[in-house]
Amino acid sequence: MDTGTIELTERMAQVAEALEAKVHRYVTENRVRLESFFFAYDRLRHRHITRAQFLRALNVSLNSSLILSREEELALFAKYSRDDGMINYLAFSDNCTKIQRGLETRPLDHVFEEQMVDNHPRNHLPPKDEKHFHEVLMPKLQQIAREQGFVIKMNFFDFDGNRNGCVTKGQFMRALPDKYQIACSPYEIDILWERYRQFDRYGKSNDVCYHALHKDVSEMDPALTLPDGLKDADYRVDKKGRIPVLSELERRVRRVARDRGLLMIPFFDDFDKLHTGFVTPNNFTRVCCTLGLDHFGKELIELSHIYASVHHRDHWVNYRAFAAEMETPATSVRSVLQDLFDRLRREFGARGSAGLHGLLAAFGRSDRGGGGCVSLQDFKRVLPQCGVGVSDREMDALFSHFGKRGEVDYAAFVRELRGCLNKLREALVREAFADFTSEVGGIDMRALQQRFRPEHHPKVMDGSISAGEAFSDMVEGVDLERTGQFTFDGLSDYWSFVTSSLTQAQFERCVRSIAA
Numbered sequence: 000m001d002t003g004t005i006e007l008t009e010r011m012a013q014v015a016e017a018l019e020a021k022v023h024r025y026v027t028e029n030r031v032r033l034e035s036f037f038f039a040y041d042r043l044r045h046r047h048i049t050r051a052q053f054l055r056a057l058n059v060s061l062n063s064s065l066i067l068s069r070e071e072e073l074a075l076f077a078k079y080s081r082d083d084g085m086i087n088y089l090a091f092s093d094n095c096t097k098i099q100r101g102l103e104t105r106p107l108d109h110v111f112e113e114q115m116v117d118n119h120p121r122n123h124l125p126p127k128d129e130k131h132f133h134e135v136l137m138p139k140l141q142q143i144a145r146e147q148g149f150v151i152k153m154n155f156f157d158f159d160g161n162r163n164g165c166v167t168k169g170q171f172m173r174a175l176p177d178k179y180q181i182a183c184s185p186y187e188i189d190i191l192w193e194r195y196r197q198f199d200r201y202g203k204s205n206d207v208c209y210h211a212l213h214k215d216v217s218e219m220d221p222a223l224t225l226p227d228g229l230k231d232a233d234y235r236v237d238k239k240g241r242i243p244v245l246s247e248l249e250r251r252v253r254r255v256a257r258d259r260g261l262l263m264i265p266f267f268d269d270f271d272k273l274h275t276g277f278v279t280p281n282n283f284t285r286v287c288c289t290l291g292l293d294h295f296g297k298e299l300i301e302l303s304h305i306y307a308s309v310h311h312r313d314h315w316v317n318y319r320a321f322a323a324e325m326e327t328p329a330t331s332v333r334s335v336l337q338d339l340f341d342r343l344r345r346e347f348g349a350r351g352s353a354g355l356h357g358l359l360a361a362f363g364r365s366d367r368g369g370g371g372c373v374s375l376q377d378f379k380r381v382l383p384q385c386g387v388g389v390s391d392r393e394m395d396a397l398f399s400h401f402g403k404r405g406e407v408d409y410a411a412f413v414r415e416l417r418g419c420l421n422k423l424r425e426a427l428v429r430e431a432f433a434d435f436t437s438e439v440g441g442i443d444m445r446a447l448q449q450r451f452r453p454e455h456h457p458k459v460m461d462g463s464i465s466a467g468e469a470f471s472d473m474v475e476g477v478d479l480e481r482t483g484q485f486t487f488d489g490l491s492d493y494w495s496f497v498t499s500s501l502t503q504a505q506f507e508r509c510v511r512s513i514a515a
């Protein structure tokens, strides 16, 4: 099969998946039994009908609300057709309605959660009201909910005896949070009523769907979805097992926190009513000042940016990750390795990327199996030969972190020596090199070389390497394994290696200037 066909098949799969999502939303909101519309053409329940029958039944089931393009039709045919051209409508219906059949005979199968538990449709508003709802009213409601720390649906439970997500208009007005009633004008209250009112079979609307309001307000915001907030796994800073490279500011703050023995979590919990693990940037700086870190001044704002959450639109701060990093004992494996790699990066900084390749080559000569691992004895022998001195405690920490079945993963060790950027610096690198980054994360080094300005390279500026060596040093540092593949992750780690001693302002100036 040639490459063009593979790409076309992948494209069809994406188109089919997007179409299934549209059908799923419609049948869920309107409570449509999708397969029943196909049964009319399949009296013997063979699960297959012709293409014309399939398209006709699908159009009727969706009430002509979704017009399929030719590409979407071909995608569905490619995914659900037999060799004779008949369409498996039951498989299509199951995928669109998220039904898993035969679970009683396969008890170990994974049961996926319903992607859209909200079965209540939203009413369409006039264009002017629709624009005001999305651009003004909904952002205002979300902001108030985050600041006050309440979950909308909790206010209405006392009135919802049937637990169907609906209350009367009078009950809706009584249970609507006071902050909402103060902040919303009568015009905006009317918009909410028009948006979420429910019609009965006679066309009358006496009820309001508060559950749909709750879903819209809490959408894309984990702090408002459930009272329990995020699980522990969502705020760990080392999801991939990497050893984070602390900035100079983080190291100074951690030094103060250790000297004073600060316990930070209880202070942040006072501002986190839902115990989600996040607070606003203003509350973050306020708590830091309460903890006695006020002498850092405006640097606390930079600190809040480093630990800003990618889950929140307002860049709330992940204070649990911050506290975990600052309260880590100096004797822990994590802290020992951070201090060790910080020292080794300064030592290898003068050698450049060639030093990393030399270290890999030295380990490679002892790697008899070629799997990127060596015995602990070989690991201890090679390090001094390469000019790397480690204490017994540091060696124990290295084996604890990089040990695998009695061996040491030296490839992972060298990657950690190269380092990794925090989220703030990684975002700057991603923005600066966006013109050279493909959609799949590859880096076009030829295009980058044409715009490369070596005088802004950090190692050229401190005199470690010459301007003529700057680009080749970056090429060697990005592709440690020398596979000829240059990825954004490798580029990001390389910038961590050459800028570990720079302040945030110096880092930003170098990154923005080197390929401008």
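If you're matching positions, the sequence shown starts at 0 in numbering that gives the first Met the number 0 and goes up one per residue.
From the three backbone atoms N, C-alpha and C, an ideal C-beta is built for every residue, glycine too.
Keep in mind the model is a prediction, meaning the values are calculated, not measured.
- Each residue's CA atom was taken as its position, placing S68 and R145 some 41 Å apart.
- By the neighbour-count criterion, in which a residue is buried when 16 or more other Cβ atoms sit within 10 angstroms of its Cβ, I513 is buried.
- If you check the CB distance, S60 and F36 come in under 8 Å.
- Straight-line measurement puts the Cα of V22 at about 16 Å from the Cα of R121.
- Taken through DSSP and simplified to helix, strand or coil, Q484 comes out as coil.
- Distance from the CA of A431 to the CA of D189, rounded to the nearest whole angstrom, comes to 46 Å.
- Between the segment 343 to 359 and the segment 370 to 387, the count of C-beta pairs closer than 8 Å reaches three or more; the two stretches touch.
- L290 and Q337 have their alpha carbons spaced roughly 24 Å apart.
- Secondary structure within the segment 449 to 515: not one fully enclosed beta strand (DSSP E) run of 3 or more consecutive residues is present.
- Taking C-beta atoms as the reference points, A446 and E454 fail to come closer than 8 Å.
- Considered as a whole, the segment 242 to 267 harbours no complete run of any beta strand (DSSP E) with no fewer than 3 residues.
- A straight-line Cα-Cα distance of about 18 Å links H131 and K214.
- Here DSSP, grouped into helix, strand and coil, assigns D189 to helix.
- The distance from the Cβ of P280 to that of N421 is about 16 Å, inconsistent with a contact at the 8 Å cut-off.
- Note on geometry: alpha-carbon atoms of G370 and G363 lie some 9 Å from one another.
- In the three-state reduction of the DSSP assignment, K403 falls in the strand class.
- Between the beta-carbon of V335 and that of E406 there is about 20 Å, and that puts the pair past the 8 Å contact cut.
- Of the residues G351, K403, Q147, the one whose Cα lies closest to the Cα of D269 is Q147.
- V135 counts as exposed, since fewer than 16 other beta carbons sit within 10 angstroms of its beta carbon.
- Taken atom to atom, the span from the alpha-carbon of E9 to that of D313 is near 35 Å.
- Using a 10 angstroms sphere on the CB of S437, the tally of other CB atoms stays under 16, which defines it as exposed.
- Within the same chain, and ignoring the five residues on either side of R50 in sequence, the residues whose Cβ sits closer than 7 Å to its Cβ are F76, G84, I86.
- Ranking A211, L124, A174 by CA distance to the CA of Y186 puts L124 first.
- Judged by DSSP in its simplified three-state form, G370 adopts coil rather than helix or strand.
- In the structure shown, G386 adopts coil according to DSSP, grouped into three states.
- Taken in chain order, the unbroken stretches of alpha helix (DSSP H) that lie wholly in the segment 287 to 316 and span 4 residues or more are 298 to 305.
- Using a C-beta cut-off of 8 Å, the segment 490 to 507 makes contact with the segment 246 to 254, since at least three inter-stretch Cβ pairs fall below that distance.
- In the structure shown, S80 falls within a strand segment according to DSSP collapsed to helix, strand and coil.
- Judged by their CB atoms, F149 and V166 are not nearer to each other than the 8 Å cut-off.
- Looking at the DSSP output, V278 bridges to V316.
- Excluding the 5 residues flanking it on each side, A12 has no same chain C-beta neighbour closer than 6 Å.
- With a 10 Å radius around the Cβ and a threshold of 16 neighbouring Cβ atoms, L89 comes out buried.
- With contacts defined by Cβ atoms closer than 8 Å, F295 and E415 do not form a contacting pair.
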